[in-house]
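J.:
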Amino acid sequence: MFDWLAREGSIVLSWWALVTLAGAAVLPLCVRLFSGLPDRGYTLARAVGLLLVGFAFWLLASLGFLHNTPGNIILSWFIVLGVGLAVYFRGERFNWREWWRENSIVVIVGEVLFIVLLFSWAIFRAHQNNLTGTEKPMELAFMSAVQRSDVFPPNDPWMSGYAISYYYFGYVIEGMLASLSGIRSTVGFNMNIALLFSLTGLTTFGVVYNLVRSRAEFTLEGIRDRLPGQGTAAFVGLLGAVFVILLGNFQAVLIELPYQSQTASPGWLAFWDTQERDVYGGELPAPDAIDQNPLNVRDPQTWSFWWWFRASRIIQDRNLDGTPVGVQPIDEFPQFSFLLADNHPHVLALPFAMLALGLALNVLLTWRNPSRGEVIFYGLCLGGLVFLNTWDGPIYMVVLTAADGLRRLMRSENGRLKISDWLGLGVLAGSLVVVTLVFYLPFFISFRSQAGGVLPNLINPTQFRQYFIMFGPFVLILSAFIGVEAWRAGRRMNYGFGVLTALGVLLALLVVVTAFVIAATAIPALRDGALRFIDEAGGLEAVLPALIQRRIVYGVTSLVLLFGIALVVARLFPALRWGRRKSKTADAEPETVITYPAATGFALLLMGVGLVLTLVPEFLYLRDNFGVRINTIFKFYYQTWLVFGVASAYGLYTI
Numbered sequence: 001m002f003d004w005l006a007r008e009g010s011i012v013l014s015w016w017a018l019v020t021l022a023g024a025a026v027l028p029l030c031v032r033l034f035s036g037l038p039d040r041g042y043t044l045a046r047a048v049g050l051l052l053v054g055f056a057f058w059l060l061a062s063l064g065f066l067h068n069t070p071g072n073i074i075l076s077w078f079i080v081l082g083v084g085l086a087v088y089f090r091g092e093r094f095n096w097r098e099w100w101r102e103n104s105i106v107v108i109v110g111e112v113l114f115i116v117l118l119f120s121w122a123i124f125r126a127h128q129n130n131l132t133g134t135e136k137p138m139e140l141a142f143m144s145a146v147q148r149s150d151v152f153p154p155n156d157p158w159m160s161g162y163a164i165s166y167y168y169f170g171y172v173i174e175g176m177l178a179s180l181s182g183i184r185s186t187v188g189f190n191m192n193i194a195l196l197f198s199l200t201g202l203t204t205f206g207v208v209y210n211l212v213r214s215r216a217e218f219t220l221e222g223i224r225d226r227l228p229g230q231g232t233a234a235f236v237g238l239l240g241a242v243f244v245i246l247l248g249n250f251q252a253v254l255i256e257l258p259y260q261s262q263t264a265s266p267g268w269l270a271f272w273d274t275q276e277r278d279v280y281g282g283e284l285p286a287p288d289a290i291d292q293n294p295l296n297v298r299d300p301q302t303w304s305f306w307w308w309f310r311a312s313r314i315i316q317d318r319n320l321d322g323t324p325v326g327v328q329p330i331d332e333f334p335q336f337s338f339l340l341a342d343n344h345p346h347v348l349a350l351p352f353a354m355l356a357l358g359l360a361l362n363v364l365l366t367w368r369n370p371s372r373g374e375v376i377f378y379g380l381c382l383g384g385l386v387f388l389n390t391w392d393g394p395i396y397m398v399v400l401t402a403a404d405g406l407r408r409l410m411r412s413e414n415g416r417l418k419i420s421d422w423l424g425l426g427v428l429a430g431s432l433v434v435v436t437l438v439f440y441l442p443f444f445i446s447f448r449s450q451a452g453g454v455l456p457n458l459i460n461p462t463q464f465r466q467y468f469i470m471f472g473p474f475v476l477i478l479s480a481f482i483g484v485e486a487w488r489a490g491r492r493m494n495y496g497f498g499v500l501t502a503l504g505v506l507l508a509l510l511v512v513v514t515a516f517v518i519a520a521t522a523i524p525a526l527r528d529g530a531l532r533f534i535d536e537a538g539g540l541e542a543v544l545p546a547l548i549q550r551r552i553v554y555g556v557t558s559l560v561l562l563f564g565i566a567l568v569v570a571r572l573f574p575a576l577r578w579g580r581r582k583s584k585t586a587d588a589e590p591e592t593v594i595t596y597p598a599a600t601g602f603a604l605l606l607m608g609v610g611l612v613l614t615l616v617p618e619f620l621y622l623r624d625n626f627g628v629r630i631n632t633i634f635k636f637y638y639q640t641w642l643v644f645g646v647a648s649a650y651g652l653y654t655i
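Numbered by my numbering, the letters in the sequence shown go through residues 1 to 655 in order.
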């Protein structure tokens, strides 16, 4: 290892320095715009810096003002620094000494965490640095095309004379760092995985730290409880980073280990019914004698090829006749992605998705309407997510808008949103969309999506046992969290409204599904995708009994998710009879309606977002080249892991 450090350690240090300088350039901007966060955005500054410097460089190169050279990348850094300083000096003087006294621990822990994670995963990739297989050749081609193109959009590596029609912003950021550090794209590819690992860990740490640090009982009269200490918040922040970037699902424990050791019965494997692990395959050697190895656990190096890959292929969809569908869902999670080491957009966007959660938390904790400058900043960051991984942008726009809705709810006197609040939320959401379209117009002009609308999912609901394998750690923690919150709320739990909301969500999904089915009967293009299985089976009469049985047997997942949504809503919106109860004495103090801390409300909101994200693919999926829900499960479950990870870390702390 020391030989490697002597030979290539300077590359890692150069990336650490470049990313740190990007964070330093926007720190003055962050302390103004992240006024609601206890650390004033320090732990998110590196992600903000990379995004803004990358945006400035890309936009100016796309408009023809700059060429793709290292010198112009540095110029973009100075432009961002200048804008940040201009915003900083327009406000009141910031007390850096007081800020350091309040945040010294998070600064030290955050810096140590970032550099340890960066070097650790750089060492890992140095010993596993192959760039063959999966989608690495395509991603390397994109990265090389970005570095070699004189202006943007970059040249398509396959179609000479054409530009890349893809969400390539992550490759621009990656290419900037590789160019400035003077390394080839092949080396930069692996360094970028190490950076994404460390930066995602840092931003997750920051979001959870700020969430815990801001936990206090807010009432109409002010703060009731003391804020948690820096040390406690930092510890929970580290736990959150572990949940998001290191934790895996239950596949290895419940399935892979028993499968490889051949200690699982055939019935056990059949019960879980996961891809390529529902029956024993022929690739396993004969088991050891029980007296030689009672547990029959072999060296993992002797296990079947790419055994760890099965953790991302848990959900198995089947046709009505019981045969597996041709293209199965993907259920990746961040740790798997870092092991696989593909520089695919869903991985490139990870730290910036966590940044979006930080923005949403800031909206909640500022306790006022976002200013015009803040809305522009939020739109710029969320628009960057659209450019990084298009699926993520709308999701986090909804999260940020919902956070503003929670802020309005907590400031209300009766625990309800007024018409003016709903109008304000609509204006905010519309403003974010407009800012995104304006600032990223060159991207939208050249982008051609492969998505072809929405189709109903009629025959493939997720089995709850497979859902539990995927999200088991979070299911256990969040179940306890919402249970404790229900106990704390007592008679304030608005079960009626929660059930009504859950039924409304279900009804809305069923209406959309029904509308698509009706449309598919009249439109041949839709019928081929949505109702082809009916035609192949001989008509509706032939498949209806099996279809109803499938929905009843596999309907547990939808019921559990709807039950969770009902509990979250019941806690967020208290029963009005308690908020409106007045004492008979004239001088009695009014009773506070919202009693949970803002941080708890945010964690509940994230939990609700994850429940909805995993409920939608039970009924709908986005149509693409595959024609099945492979990518809908992939994209929605991936973001669910992030929001569940943050909510679980906070929930475990509050329990």
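Think of the CB as a built atom: it goes at the ideal place given N, C-alpha and C, for glycine as much as any other residue. Note that the structure is predicted; figures quoted are calculated from it, not measured.
#1: From this set, 255, 387, 553, which residue's C-alpha is nearest residue 274's C-alpha?
#2: When you compare only the Cα positions, how much space is there between residue 117 and residue 154?
#3: From which residue to which residue does the alpha helix (DSSP H) around residue 437 run?
#4: Please classify residue 47 as buried or exposed, where buried requires at least 16 neighbouring CB atoms within 10 angstroms.
#5: For residue 324, which residues does DSSP report across the bridge?
#6: Starting from the Cα of residue 214, find the closest Cα among 272, 639, 362 and give me that residue.
#7: Kindly confirm or deny that the stretch 173 to 190 and the stretch 38 to 55 touch, where touching means at least three C-beta pairs closer than 8 Å.
#8: Buried or exposed for residue 93, please, with buried defined as at least 16 other CB atoms from any protein chain shown within 10 angstroms of its CB.
#9: Could you tell me the alpha carbon to alpha carbon distance between residue 587 and residue 594, rounded to whole angstroms?
#10: Under the rule that 16 or more other beta-carbon atoms within 10 Å means buried, what is residue 305, buried or exposed?
#11: Unbroken beta strand (DSSP E) runs of length 3 or more, entirely within the stretch 448 to 484: which are they?
#12: To the nearest angstrom, report how far apart residue 629 and residue 531 are at their CA atoms.
#13: Compute the Euclidean distance between the alpha carbons of residue 291 and residue 257, then round it to the nearest angstrom.
#14: Among 152, 489, 459, 520, which one has its Cα closest to the Cα of residue 552?
#15: Expressed to the nearest angstrom, what Euclidean distance is found between the alpha-carbon atoms of residue 147 and residue 450?
#16: Given this structure, state the Cα-to-Cα distance separating residue 496 from residue 575, to the nearest angstrom.
#17: When the Cα atoms are used, what is the spatial distance from residue 367 to residue 43?
#18: Ordered along the chain, which non-local residues of its own chain (more than five positions away) have a Cβ less than 7 Å from that of residue 264?
#19: In the DSSP assignment, find the unbroken beta strand (DSSP E) run with residue 622 in it and report its ends.
#20: In the DSSP assignment, find the alpha helix (DSSP H) that holds residue 536 and state where it starts and stops.
#21: Assuming the contact rule is C-beta atoms closer than 8 Å, residue 442 and residue 62 should be a hit. Round their C-beta distance to whole Å, please.
#22: Take residue 565 and list the residues in its own chain whose beta-carbon comes closer than 8 Å to its own, dropping the five residues that flank it on each side.
#23: What are the boundary residues of the alpha helix (DSSP H) that includes residue 172?
#24: Can you give me the Cβ contacts of residue 585 inside the same chain, cut-off strictly under 8 Å, excluding the 5 residues immediately before and after it?
#25: So for residue 362, helix, strand or coil by DSSP?
#26: Between which residues of its own chain and residue 69 is the CB-CB distance below 7 Å, once the five residues before and five after are set aside?
#27: If you draw a straight line from the C-alpha of residue 121 to the C-alpha of residue 107, how long is it?
#28: Is it a yes or a no for the stretch 368 to 379 touching the stretch 426 to 433, going by three-plus beta-carbon pairs under 8 Å?
#29: May I have a chain-ordered list of the alpha helix (DSSP H) segments no shorter than 4 residues that lie completely inside the stretch 365 to 400?
#30: Please report the straight-line C-alpha distance between residue 581 and residue 561, rounded to a whole angstrom.
#31: Hey, how far is the Cα of residue 162 from the Cα of residue 412?
#32: If you draw a straight line from the alpha carbon of residue 399 to that of residue 360, how long is it in whole angstroms?
#33: If I measure Cβ to Cβ from residue 119 and keep anything under 7 Å in the same chain, skipping five residues before and after, which residues do I get?
#34: Among the residues of its own chain, which have a CB less than 6 Å from the CB of residue 682, if the five just before and after it don't count?
#35: Which of the three DSSP states is assigned to residue 343 in this structure?
T.: If we stick to the structure as given:
#1: Its Cα nearest to that of residue 274, the residue 255 stands out among 255, 387, 553.
#2: 31 Å
#3: 419 to 439
#4: buried
#5: 318
#6: That would be 362, whose Cα lies nearest to the Cα of residue 214.
#7: yes
#8: exposed
#9: Because the pLDDT of residue 587 is 48, which lies under 50, any placement of that residue in the model is unreliable, and the number read from its coordinates should be weighed accordingly. When rounded, the distance between both Cα atoms is 21 Å.
#10: A residue is called buried once 16 or more other Cβ atoms fall within 10 Å of its Cβ, and residue 305, having fewer, is exposed.
#11: 454 to 456
#12: 14 Å
#13: Caution is warranted here: a pLDDT of 45 is assigned to residue 291, below 50, making its placement in the model unreliable, and no coordinate value can be reported.
#14: 459
#15: Going from the Cα of residue 147 to the Cα of residue 450 covers about 25 Å.
#16: Going by the C-alpha atoms only, they are around 9 Å apart.
#17: 21 Å
#18: 258
#19: 620 to 622
#20: 532 to 537
#21: 4 Å
#22: 498, 501, 502, 505, 608, 611, 612, 615
#23: 169 to 181
#24: In this predicted model, residue 585 has a pLDDT of only 48, less than 50, meaning its place in the structure is not dependable; the value taken from the coordinates is given anyway. Cβ within range, chain order: n/a, list empty.
#25: DSSP places residue 362 in helix when its eight states are reduced to three.
#26: Answer for residue 69: no residue qualifies.
#27: Going by the C-alpha atoms only, they are around 21 Å apart.
#28: yes
#29: 372 to 388
#30: Note that residue 581 scores 48 on pLDDT, short of 50, meaning its location in the model is unreliable; the coordinates nonetheless yield the value given after this. The alpha-carbon atoms of residue 581 and residue 561 are separated by roughly 32 Å.
#31: 54 Å
#32: Between residue 399 and residue 360, the alpha-carbon positions lie close to 7 Å from each other.
#33: Excluding its 5 nearest sequence neighbours in each direction, residue 119 has C-beta neighbours in its own chain below 7 Å: 12, listed in chain order.
#34: Nothing can be reported for residue 682, as the shown portion of the chain is limited to 1 through 655.
#35: coil
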